[in-house]
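Working notes, beginning with the structure itself.
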Amino acid sequence: MELSDFYQLMPQKNCGICGCGSCTTFARRVLFEKEDLTKCAWLENTKDIHSVINDIKPIRTHMKHLAVFEPCITDADMVMAEMYLAHREVDYGYLDPLFCDVLPLYFEVVKCSQALGIGRIEYGGKEILISHTGKLIVRHAESERDALEVADLLSRVISSAVICPCLAPAVECVSGLCTCEECEILERYSPSAQEMEMVTVPHIHSVVEAFSRMWEGEYTEVEDIHPLKVKAVTLLAHDKGGLILYAVAHHLSLMQEALKEATAYARKKGKQNELVTFMQDACKGSYLLEHYHKVRSYLLTHRENPFFREVHKVVFHARCIGEIKNRFQIDSR
Numbered sequence: 070m071e072l073s074d075f076y077q078l079m080p081q082k083n084c085g086i087c088g089c090g091s092c093t094t095f096a097r098r099v100l101f102e103k104e105d106l107t108k109c110a111w112l113e114n115t116k117d118i119h120s121v122i123n124d125i126k127p128i129r130t131h132m133k134h135l136a137v138f139e140p141c142i143t144d145a146d147m148v149m150a151e152m153y154l155a156h157r158e159v160d161y162g163y164l165d166p167l168f169c170d171v172l173p174l175y176f177e178v179v180k181c182s183q184a185l186g187i188g189r190i191e192y193g194g195k196e197i198l199i200s201h202t203g204k205l206i207v208r209h210a211e212s213e214r215d216a217l218e219v220a221d222l223l224s225r226v227i228s229s230a231v232i233c234p235c236l237a238p239a240v241e242c243v244s245g246l247c248t249c250e251e252c253e254i255l256e257r258y259s260p261s262a263q264e265m266e267m268v269t270v271p272h273i274h275s276v277v278e279a280f281s282r283m284w285e286g287e288y289t290e291v292e293d294i295h296p297l298k299v300k301a302v303t304l305l306a307h308d309k310g311g312l313i314l315y316a317v318a319h320h321l322s323l324m325q326e327a328l329k330e331a332t333a334y335a336r337k338k339g340k341q342n343e344l345v346t347f348m349q350d351a352c353k354g355s356y357l358l359e360h361y362h363k364v365r366s367y368l369l370t371h372r373e374n375p376f377f378r379e380v381h382k383v384v385f386h387a388r389c390i391g392e393i394k395n396r397f398q399i400d401s402r
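Numbering (our numbering), first residue to last: 70 to 402.
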């Protein structure tokens with residue numbers, strides 16, 4: 070079994086109950102850090118998964134500093150380039166499956182399979198193939214320089230999905246979820262002023278208000294987060310920051326997913342005043358960080374109930390936004 074197939078065995082809930090920011094990060098930690106599968110509240114039959122763990126093939130990255138250029142078979146005036154983006158050799162791959170969600174935010178013509186770990190892009194008359202190993206092939210480039218510029222652009226676009234040595238992708242590392250003593254992603258990244266202006270609190274408050282309405286058994290659509298993701302990836306593409314903005318949008322969209330699921334249970338469960346108060350104040354000042362562990366503990370005592378799992382997902386990703394706000398000193402007004 071391939072590691073990309075193992076990802077598909079995970080529940081794809083990204084609820085944070087296991088302590089990881091995503092199910093794919095949890096899967097890598099199960100394989101490479103012997104994390105306990107029972108930490109997942111959604112998996113019903115862990116024995117079947119345990120039985121295949123030892124047979125999973127790693128995603129081996131290759132570190133080659135030199136690109137290989139040769140004429141295209143169909144047009145000798147064009148260049149084909151093969152290169153490797155990874156800067157270390159590891160067994161867990163270069164890109165999280167998240168890269169398949171990121172590519173269409175910038176490129177118009179994209180086919181990407183998380184199961185195969187391969188993306189195909191048509192851009193500027195060129196055909197680009199990118200693998201989760203970090204291998205990149207550019208076809209029909211006008212010159213070697215053109216191919217290298219495309220590779221540079223693509224590496225910026227997908228930077229949020231690059232896997233850190235802590236086994237989490239960059240988008241989770243900037244959200245306070247990195248377990249490295251010194252995170253190389255955080256060390257390299259500095260948000261731009263343009264990016265910080267776009268990380269607006271109203272986006273966050275709209276989700277919190279929707280959470281409050283949920284307790285009345287009502288879910289209403291909140292502001293579409295997709296344009297915010299597009300703006301973030303556009304900034305990344307033009308080397309003007311964007312990772313922080315993308316992380317906030319990423320967590321907001323996961324909160325929205327959980328809100329939709331939890332609303333179906335809200336009438337049956339009634340109000341839990343402690344949780345309502347928590348979420349209403351979650352994005353104000355330091356309330357979220359101060360009370361997170363208390364509320365998380367309460368939710369985990371009810372983890373057998375899918376309603377509380379979805380509420381935990383909302384709380385978990387709200388807390389991630391709180392970590393981003395504190396770390397990068399985003400104005401909370």
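For each residue, glycine too, the CB sits at the ideal point set by N, CA and C.
- Comparing alpha carbon positions, the residue from Cys-242, Met-265 and Ala-262 closest to Glu-256 is Cys-242.
- Taking the Cβ atoms as the reference, His-381 lies roughly 6 Å from Gly-85, within the contact range of under 8 Å.
- The DSSP assignment places 168–171 as complete runs of the alpha helix (DSSP H) inside the region 161–191, in order along the chain (cut-off: 4 residues).
- A buried status is given to Met-152, since no fewer than 16 other beta-carbon atoms sit within 10 Å of its beta-carbon.
- Counting other Cβ atoms within 10 Å of its Cβ, Gly-194 stays below 16 and is therefore classed as exposed.
- DSSP places Pro-375 in the uninterrupted alpha helix (DSSP H) bounded by 375–396.
- The residues Phe-95, Lys-108 and Cys-109, in chain order, have a CB closer than 6 Å to that of Cys-87 in the same chain once the five nearest residues on each side in sequence are set aside.
- Residue pairing by DSSP places Met-149 opposite Glu-139 in a beta bridge.
- If the five residues before and after Leu-167 are omitted, its C-beta is found closer than 8 Å to the C-beta atoms of Ser-91, Thr-93, Ser-229, Ala-230, Pro-238 and Val-240, all from its own chain and listed in chain order.
- DSSP places Lys-195 outside any alpha helix (DSSP H); the residue lies instead in the beta strand (DSSP E), whose first and last residues are 195–200.
- With respect to the 8 Å criterion, Leu-154 and Leu-72 are not classified as neighbours on the basis of their beta carbons.
- Counting every other CB atom within 10 Å of its CB across the protein chains shown gives Leu-369 a total below 16, marking it as exposed.
- Here Tyr-163 has Thr-130, Leu-154, Ala-155, His-201, Thr-202, Gly-203, Val-231 and Ile-232 as same chain residues with Cβ atoms under 7 Å from its own Cβ, once five neighbours each way along the sequence are excluded.
- For Arg-97, the uninterrupted alpha helix (DSSP H) segment begins and ends at 92–101.
- Secondary structure at Arg-225: helix, using DSSP grouped into helix, strand and coil.
- For Ile-399, there is no enclosing alpha helix (DSSP H), since its DSSP letter is neither H nor E.
- CA-CA distance, Arg-365 to Met-132, rounds to 41 Å.
- Around the beta carbon of Ser-259, fewer than 16 other beta carbons lie within 10 angstroms, which makes this residue exposed.
- DSSP, read as helix, strand or coil, puts Arg-257 in helix.
- By DSSP's assignment, Arg-208 forms a beta bridge with Glu-196.
- Annotation for Lys-116: the continuous alpha helix (DSSP H) segment containing it runs 115–122.
- Separation of Pro-127 and Glu-266 (C-alpha to C-alpha, rounded to the nearest whole angstrom) is 41 Å.
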